[in-house]
Amino acid sequence: MAINKGHFDPATVTIKKGTEVVWINKDAITHTVTSDGGGLVLNSQAIAAGHSFAHIFDEPGTITYHCAIDRTMTSTIIIEE
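FYI, the UniProt record's numbering numbers position 23 of the sequence shown as 23, with every residue one higher than the one before it.
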(Lines of atoms letter the chains of each structure in order from A; the text may use other names.)
(Lines give C-alpha, C1' and ligand atoms only; values in the text may rest on other atoms or scores of the structure.)
Protein backbone atom coordinates (compact mmCIF):
# COMPACT_ATOMS: atom_id res chain seq x y z
CA MET A 1 0.00 0.00 0.00
CA ALA A 2 1.35 3.40 -0.89
CA ILE A 3 0.84 6.58 1.06
CA ASN A 4 1.29 9.28 -1.55
CA LYS A 5 0.00 12.78 -2.29
CA GLY A 6 -2.40 12.73 0.65
CA HIS A 7 -4.02 9.38 -0.22
CA PHE A 8 -3.81 5.70 0.62
CA ASP A 9 -3.41 3.76 -2.63
CA PRO A 10 -5.44 1.73 -3.29
CA ALA A 11 -8.34 3.20 -1.33
CA THR A 12 -9.90 -0.26 -0.94
CA VAL A 13 -8.15 -3.61 -1.10
CA THR A 14 -9.30 -7.21 -0.62
CA ILE A 15 -6.83 -9.71 0.84
CA LYS A 16 -6.79 -13.25 2.24
CA LYS A 17 -6.45 -13.77 5.99
CA GLY A 18 -2.79 -14.25 6.97
CA THR A 19 -1.63 -11.61 4.47
CA GLU A 20 0.95 -9.05 5.55
CA VAL A 21 0.15 -5.55 4.34
CA VAL A 22 2.98 -3.02 4.16
CA TRP A 23 2.28 0.70 3.94
CA ILE A 24 5.15 2.73 2.44
CA ASN A 25 5.09 6.47 2.96
CA LYS A 26 6.05 7.96 -0.41
CA ASP A 27 4.72 11.37 0.61
CA ALA A 28 6.92 14.25 1.75
CA ILE A 29 5.24 14.45 5.16
CA THR A 30 4.56 12.12 8.09
CA HIS A 31 1.36 10.04 8.17
CA THR A 32 -0.22 7.30 10.30
CA VAL A 33 -2.32 4.18 9.76
CA THR A 34 -5.01 4.39 12.46
CA SER A 35 -8.12 2.21 12.65
CA ASP A 36 -11.51 3.87 12.89
CA GLY A 37 -12.54 1.68 15.83
CA GLY A 38 -14.25 -1.62 16.34
CA GLY A 39 -12.45 -4.96 16.59
CA LEU A 40 -8.92 -4.66 15.25
CA VAL A 41 -6.76 -1.77 16.34
CA LEU A 42 -4.23 -0.42 13.85
CA ASN A 43 -1.94 2.23 15.25
CA SER A 44 1.25 2.76 13.31
CA GLN A 45 2.37 5.83 15.22
CA ALA A 46 4.11 8.34 12.92
CA ILE A 47 5.45 6.99 9.61
CA ALA A 48 8.07 9.43 8.36
CA ALA A 49 8.63 10.02 4.65
CA GLY A 50 10.41 7.02 3.14
CA HIS A 51 9.53 4.70 6.03
CA SER A 52 6.99 1.89 6.32
CA PHE A 53 4.59 0.07 8.64
CA ALA A 54 3.48 -3.58 8.34
CA HIS A 55 0.64 -5.62 9.81
CA ILE A 56 -0.48 -9.24 9.36
CA PHE A 57 -4.26 -9.66 9.19
CA ASP A 58 -5.19 -12.98 10.85
CA GLU A 59 -8.96 -12.55 11.18
CA PRO A 60 -11.54 -12.10 8.42
CA GLY A 61 -13.58 -8.90 8.39
CA THR A 62 -13.53 -5.33 7.15
CA ILE A 63 -11.20 -2.70 8.58
CA THR A 64 -11.59 0.99 7.91
CA TYR A 65 -8.76 3.32 8.80
CA HIS A 66 -7.45 6.86 8.39
CA CYS A 67 -4.40 9.03 8.90
CA ALA A 68 -4.54 10.69 12.34
CA ILE A 69 -2.55 13.64 10.97
CA ASP A 70 -4.70 14.17 7.86
CA ARG A 71 -8.15 12.74 8.65
CA THR A 72 -9.31 13.25 5.06
CA MET A 73 -7.14 10.24 4.17
CA THR A 74 -9.24 7.08 4.53
CA SER A 75 -9.08 3.50 3.29
CA THR A 76 -10.64 0.05 3.70
CA ILE A 77 -9.19 -3.45 3.87
CA ILE A 78 -11.48 -6.44 3.34
CA ILE A 79 -10.00 -9.64 4.81
CA GLU A 80 -11.44 -12.89 3.44
CA GLU A 81 -11.01 -16.51 4.61
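Note that the Cβ used here is the ideal one computed from N, Cα and C, for glycine as well.
- About 12 Å separates the beta carbons of A54 and N25, which is beyond the 8 Å limit, so they are not a contact pair.
- Bridge pairing for T64: T76 [DSSP].
- Inter-residue distance for I3 and I29 is about 10 Å (C-alpha atoms, whole angstroms).
- Closest by C-alpha distance to S75, out of W23, K17, G18 and K16, is W23.
- The residue from V13, H7, D70 and D27 with its alpha-carbon nearest to that of I78 is V13.
- Rounded to the nearest angstrom, the Cβ distance from G18 to D70 is 30 Å, too far for a contact under 8 Å.
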